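Right, one structure below, let's go through it.
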Amino acid sequence: MINKPIIIGIGELLWDMLPTGKKVGGAPVNFAYHASRLGAAGYAVSAVGKDALGDEIIQEIDKVNINPVIERVNYPTGTVGVELNEGIPAYTINEGVAWDYIPLTEAMKQLAKRADAVCFGTLAQRSEVSRNTIQALLSCVPVDSYRILDINIRQHYYSEKVITDSLRSSNVFKMNDEELILLKKLFKKQPFTDEEVCHWFLKEFNLKFLILTAGANYSIIYTPEGLSYIKTPVVNVVDTVGAGDSFTGAFIS
């Protein structure tokens, strides 16, 4: 029997309240889902409330072949309002929810020690509790495994310190073209080209890979040795929610 690689998404687990109804969301869980669809053993590490929405999320996770390492906490299950404009989402992210309070457990630490890849972002680090849990788990991951920062900047839930600390805990970094514009400003790199800034991130944080996606235009994978450019196929865009997570899940699988 072939052992499947252990791929973990750590962070927000929530309901996306779409115009068409609610759907399980959260970038790290989407990542684990797509990795599992491609043959990995996908794990979701997060927290939900002791409420009906939390019960429903656990049931949905079980249906899609994701292994849950999910704590039940005394905060409401996370929800996000999502409005779509020509398929492009705008988010209203509620605060003080379960995934802001992910506790560090022994089961999580033991899982992290076996991980082949772990993906996390900045959103779940908006709270000190979850930020400390995420950083503690990253320190448990084997040194030769992939630690992927899929930055997923949302609203005001980021800071230069959180991003810098996260990059120093990572060896793979994914961002999109809009996030690159913001990061060039944050790290005072506006005079430089996109490619120069990407190479700066690679060198400054000793990354194995840097992934830059640009929606309908292209994707580029940078390494210390070179780059790979992929033009985006022409598609009829219906909904881009989770598109970046599927890219990362497929890439690492």
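Okay, so the sequence shown: first residue is 61 according to the working numbering, each after it adds one. The beta-carbon is built from N, C-alpha and C at its ideal position, and this holds for glycine as well. As the structure is a computational prediction, the values presented were derived from the model and not from experiment.
For residue i, which beta-bridge partners are listed by DSSP?
i	result
residue 106	130
residue 150	143
residue 81	78
residue 281	271 and 288
residue 234	210 and 271
residue 177	67 and 206
residue 101	66
residue 138	74
Report all residues from its chain with a CB closer than 6 Å to the CB of residue i; omit the five preceding and five following residues, and keep chain order.
i	result
residue 99	none
residue 297	For residue 297, the predicted structure reports a pLDDT of 42, less than 50, and the residue's modelled location is therefore unreliable. The matter cannot be settled from this model.
residue 133	107, 158 and 161
residue 237	274
residue 246	220
residue 287	280
residue 140	74, 76, 151 and 153
Less than 7 Å between C-beta atoms, sequence neighbours within five positions excluded: which residues of the same chain meet that for residue i?
i	result
residue 201	172, 175, 178 and 207
residue 213	182, 239 and 242
residue 289	278 and 280
residue 64	99, 100 and 101
residue 284	262
Look at residue i and residue j and say whether their C-beta atoms are less than 8 Å apart.
i	j	result
residue 217	residue 191	no
residue 159	residue 71	yes
residue 234	residue 210	yes
residue 121	residue 95	no
residue 248	residue 260	no
residue 76	residue 124	no
Please check the pair residue i and residue j, which I expect to be a contact at CB under 8 Å, by giving their CB distance rounded to whole angstroms.
i	j	result
residue 31	residue 240	Residue 31 is absent from the structure shown; the chain starts at 61 and stops at 313.
residue 78	residue 86	Not quite, the Cβ-Cβ distance comes to about 14 Å (not below 8 Å), so this is no contact.
residue 126	residue 93	6 Å
residue 268	residue 257	That pair is no contact at about 18 Å.
residue 265	residue 219	Not really, about 16 Å apart at Cβ, beyond 8 Å.
residue 84	residue 117	6 Å
I'd like the list of long-range same chain contacts for residue i, defined as Cβ closer than 8 Å, with 5 residues on each side in sequence excluded.
i	result
residue 169	196, 197 and 200
residue 80	none
residue 292	274, 275, 276, 277, 278 and 279
residue 225	195
residue 252	244 and 260
Kindly indicate which residue of the options has the alpha-carbon position closest to the one of residue i.
i	options	result
residue 162	96, 129 and 204	129
residue 164	140, 113, 101 and 194	194
residue 110	103, 291 and 135	135
residue 155	137, 167 and 144	137
residue 223	189, 67 and 180	180
residue 203	232, 114 and 119	232
residue 82	189, 270, 252 and 114	114
residue 88	167, 189, 184 and 145	184
residue 131	145, 140, 144 and 166	166
residue 153	67, 252, 66 and 215	215
residue 66	205, 270 and 145	205
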